[in-house]
Amino acid sequence: MQEDFQKIVEYIRKLYNKPEGQIYLHEPFFGGNEKKYLAECIDTTYVSSVGKFVDSFEVEIAKYTGAAKAVACVNGTNALHIALKLVGVEQGHEVISQPLTFIATANAISYCNAKPVFLDVDMDTMGLSPKALLNFLETQTHFNSATSLQINNKTNRPITACVPMHTFGHPCRIDEIVEICNRFHIPVVEDAAESLGSFYKKQHTGTFGKVGVLSFNGNKILTTGGGGMLLFQDEELAKHAKHLTTQAKVPHAWEFAHDEIGYNYRMPNINAALGLAQLEQLDSFLTSKREIANHYKQFFNGSNTEFFNEPQNAVANYWLNCIFLKNIEERDAFLTYSNKNGVMTRPAWQLMNRLPIFKDCQRGDLPNSEKLSDCIINIPSSVNNK
Ligand SMILES: *Cc1c(COP(=O)(O)O)cnc(C)c1O
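Its first residue numbered 25, the sequence shown is counted upward by one per residue in the numbering used here.
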């Protein structure tokens, strides 16, 4: 075992051409117009919430993803909060999601004073399982025609959104999920925070649901320092998003009028400047990440450790490469060995339903989520700039 671990660590060092020193899981890479655009912000004094880079970044992200409109936010978690509000999630409602996700997904549901319901993921996508979703909706919910809401039989609460997540950049079966949710009158908010550059059946992730959410945190494929983006096909909804994220201020030459409770969730111009410069390099980042994934794939082929390949019908961004160890003991032994030897590796997140704050939430059977959370290890995946 130790010998296998040593071979993996040596291979990663070779791949990144770094015989010693720390190798991180995912480092940002600034190789384009970042300094130029940031200097322009400072020279023009447009560093804050108004400026041309916010507009251009939104336009260029919409163009790249094929969304009709994109609205920039301070971070991905805020963007998820706004997305859930926009589709009608309110106090006392429930939102279906997957337990194998980053805490932001479940936190955003909580910001609406709603409760998550956790359903299982598929083994081959690591994202929400359409089968588990359909089974839950068919056997444990009913439609209230007076309110046009789908009701959870057990809790009597309405289910007003479903949030699948494209885990580590690998698209889930999003077309099936949207089709099922449409049948049950439940809007889909896609957590595409990890999947900028990932496509399912040639369509960009985040554009299948009513709203999609991207993140530009420091460890994501592109970074704005901190940032997020809402993706829409519905332009009216996008307009409302812009309104909500800018303190719900009614446009006027000098009056301060606000027509609902809004938020200060808009992205500053300096963050957007960084984002625009990063976006210009996205294709080269994707190429580099696919090369790294292909190297890993070859290396792990025929070894005792399984490498996670992009799902069928999908082109993944390979944001974080992922291997499966045999069980939790072996997983922990490898985590200990690699981190001690300067190669950063991480397990998957603790399942949401196992966290004290969400342990009382309703959930389905979760055999796949449990298996995956015991076996997954993310290995270094930064853009290779050598
Ligand atoms: C990164 C991430 C988010 C958003 O995170 P921010 O740091 O707030 O931008 C949301 N969901 C998932 C699954 C993520 O990985």
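In this text, a Cβ means the ideal position worked out from N, Cα and C, and glycines have one as well.
For clarity, every value in this text was computed on a predicted model and none was experimentally measured.
### Task
Count the C-beta pairs between the segment 265-277 and the segment 104-116 that are closer than 8 Å, then say yes if the count reaches three, no if not.
Yes, since at least three Cβ pairs between the segment 265-277 and the segment 104-116 fall closer than 8 Å, the two stretches touch.
Q: Can you give me the Cβ contacts of Ala130 inside the same chain, cut-off strictly under 7 Å, excluding the 5 residues immediately before and after it?
A: Ser121, Pro140, Met376 and Phe382, listed in sequence order.
Excluding the 5 residues preceding and the 5 following Gly299 in the sequence, name in chain order all residues of the same chain whose CB lies nearer than 7 Å to its CB. Counting only Cβ-Cβ distances below 7 Å, and skipping sequence neighbours, we find Phe81, Phe240, Leu246, Thr248 and Gly251.
task = Compute every distance between the C-beta of Ala372 and the non-hydrogen atoms of ligand 1, then say whether any falls below 7 Å.
result = No, the beta carbon of Ala372 sits no closer than 7 Å to any heavy atom of ligand 1.
Thr165 to Lys93 span [Cα, whole Å]:
Using only the alpha carbons, I get a separation of about 33 Å.
List the endpoints of the continuous alpha helix (DSSP H) containing Gly236. Per DSSP, Gly236 lies in no alpha helix (DSSP H); the unbroken beta strand (DSSP E) holding it starts and ends at Val235 to Ser239.
Exercise. Quick one: what does DSSP say Met368 is sitting in, helix, strand or coil?
Worked result: In the structure shown, the three-state DSSP call for Met368 is coil.
Quick one: is the Cβ of Thr229 within less than 7 Å of any heavy atom of ligand 1? For Thr229, the Cβ stays outside the 7 Å cut-off from all heavy atoms of ligand 1.
(message) With DSSP as the reference, identify every bridge partner of Cys97, one or two as the case may be.
(response) Per DSSP, Gly252 and Arg290.
| Arg314 to Leu261 span [Cα, whole Å] | Between the C-alpha atoms of Arg314 and Leu261 there is a straight-line separation of about 35 Å.
What are the boundary residues of the alpha helix (DSSP H) that His267 is part of? Per DSSP, His267 belongs to the alpha helix (DSSP H) from Glu259 to Thr269.
Nearest-angstrom Cα distance between Ala138 and Val339?
Counting only the Cα atoms, Val339 lies some 33 Å from Ala138.
Asn111 vs Val237 beta-carbon contact at 8 Å: The residue you asked about is not Asn; residue 111 is Val in the sequence shown. No; because the gap between Cβ atoms is not below 8 Å, this pair is not in contact.
What separation, rounded to the nearest whole angstrom, lies between the Cα atoms of Gly75 and Asn288? Here the alpha carbons of Asn288 and Gly75 stand approximately 16 Å from one another.
Report task. Check the DSSP bridge columns for Tyr224 and list the partner residues they point to. Result -> Answer by DSSP bridge pairing, in chain order: Gln227 and Ala338.
* Asked: When DSSP labels each residue in this structure, what does Arg207 get in the three-state scheme?
  -> Per DSSP, reduced to three states, the secondary structure at Arg207 is helical.
* Among residues of its own chain, excluding the 5 on either side of Leu349, which ones have a beta-carbon nearer than 7 Å to its beta-carbon? -> The residues are Thr329, Arg355, Phe358, Cys399 and Ile401.
Among all the DSSP beta bridges, which residues are the ones paired with Glu330?
In the DSSP output, where bridge partners are listed per residue, Glu330 has Phe348.
Q) Among the residues of its own chain, which have a CB less than 6 Å from the CB of Ile198, if the five just before and after it don't count? A) For Ile198, where only same-chain residues beyond five positions count, the Cβ hits under 6 Å are Tyr224 and Phe232.
| field | Touch test, the segment 252-259 against the segment 25-43, Cβ-Cβ under 8 Å, three pairs minimum | value | No: the two stretches stay apart, fewer than three of their Cβ pairs being nearer than 8 Å.
| Is there a Cβ from chain E that is less than 8 Å from the Cβ of Asn409? | Included in the structure is just one protein chain, with no chain E present.
Taking only heavy atoms of ligand 1 into account, decide whether any of them is closer than 7 Å to the Cβ of Thr247. Thr247: no, Cβ never under 7 Å from ligand 1.
(message) Tell me which residues share the same chain as Glu200 and place their Cβ nearer than 6 Å to its Cβ, disregarding the 5 neighbours each side in the sequence.
(response) Listed in chain order, the non-local C-beta contacts of Glu200 below 6 Å within the same chain comprise Pro154, local neighbours out to five positions each way being set aside.
Three-state secondary structure assigned by DSSP to Asn176 | Here Asn176 sits in strand by DSSP.
Within a Cβ cutoff of 7 Å, which residues of the same chain sit near Ser134, ignoring the five residues on either side of it in sequence? Excluding sequence neighbours, Ser134 sits near nothing in its chain.
Taking the alpha carbon of Tyr35 as the point to measure from, which residue in Ser393, Phe324, Val407 and Gln336 has its own alpha carbon closest?
-> Taking the Cα of Tyr35 as reference, the smallest distance to any Cα among Ser393, Phe324, Val407 and Gln336 is reached at Phe324.
Beta-carbon spacing of Gly151, Glu304 below 8 Å: No, Cβ-Cβ distance for Gly151 and Glu304 is not below 8 Å.
**Pairwise C-alpha distance: Pro391 and Glu162** = A direct Cα-to-Cα measurement between Glu162 and Pro391 gives close to 20 Å.
Review point. When you compare only the Cα positions, how much space is there between Val145 and Leu396?
Key: Each residue's Cα considered, the two are about 9 Å apart.
Worksheet item: Less than 7 Å between the CB of Phe53 and some heavy atom of ligand 3, yes or no?
Response: As presented, the structure is devoid of ligand 3, carrying ligand 1 as its sole ligands.
### Query
To which residues of the same chain is Met7 closer than 8 Å at the C-beta, ignoring the five residues directly before and after it?
Lying before the first or after the last residue shown, residue 7 is absent from the chain, which here runs from 25 to 410.
Could you pull out every residue in the same chain whose Cβ sits closer than 6 Å to the Cβ of Lys273, ignoring the five residues on either side in sequence?
Hits under 6 Å: His282.
Let me check you understand the geometry: is the CB of Gly112 closer than 7 Å to at least one non-hydrogen atom of ligand 1?
Flag unset: Cβ of Gly112 not near ligand 1.
Discussion item. In this structure, how does DSSP classify Cys136 when only helix, strand and coil are distinguished?
Written reply: The DSSP-derived three-state label of Cys136 is coil.
### Query
What residue range is occupied by the uninterrupted alpha helix (DSSP H) comprising Glu162?
Segment Pro154 to Gln164, the alpha helix (DSSP H) holding Glu162.
| task | Could you check which residue in Asp307, Asn341 and Ala296 has the C-alpha nearest to that of Asn318? | result | Residue Asn341 is the option with its Cα nearest to Asn318.
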